[in-house]
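Add 1 to a position in the sequence shown, counting from 1, and you land on the number used in our numbering.
Think of the CB as a built atom: it goes at the ideal place given N, C-alpha and C, for glycine as much as any other residue.
Note that the coordinates shown come from a computational prediction; the quantities given were computed from them, not determined experimentally.
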Amino acid sequence: MYAASPDEDVELARTVRRFTQTVVKPRTIEIDHQNKYPDDVFKALLGADLLGLATPEEFGGSGAGTGGLTIAIEESRSTPTPLP
């Protein structure tokens with residue numbers, strides 16, 4: 002079970018916000034037109050330890066649970082993106 006400290010939650014939110022602003026936002030129109038995330042974006046997600054947030058650590062995930070996943074979703078949605 003995930004029991005993060007408030008500091009860990011804040012760090013996760015910062016990591017997702019930074020990733021979304023630097024990796025996803027600049028490519029929003031491209032991603033939208035292709036209707037898929039490019040492989041390099043998935044590799045960047047993996048490198049930032051943002052895949053498998055809700056997967057328990059014993060199965061290779063981060064063990065952040067639904068709480069951590071919720072933080073990630075909220076942060077990724079809060080980054081404004083350009084309209085095509």
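In the DSSP assignment, Arg28 falls outside any alpha helix (DSSP H), carrying neither H nor E.
The three-state reading of DSSP puts Gly64 in coil, since its state is none of H, G, I, E or B. If you look at Asp8, you'll find it in the alpha helix (DSSP H) that goes 7 to 20. The shortest C-alpha to C-alpha distance from Asp10 to any of Thr71, Thr80, Pro81 is the one to Thr71.
Per the coordinates, the alpha-carbon of Thr56 lies some 30 Å from the alpha-carbon of His34.
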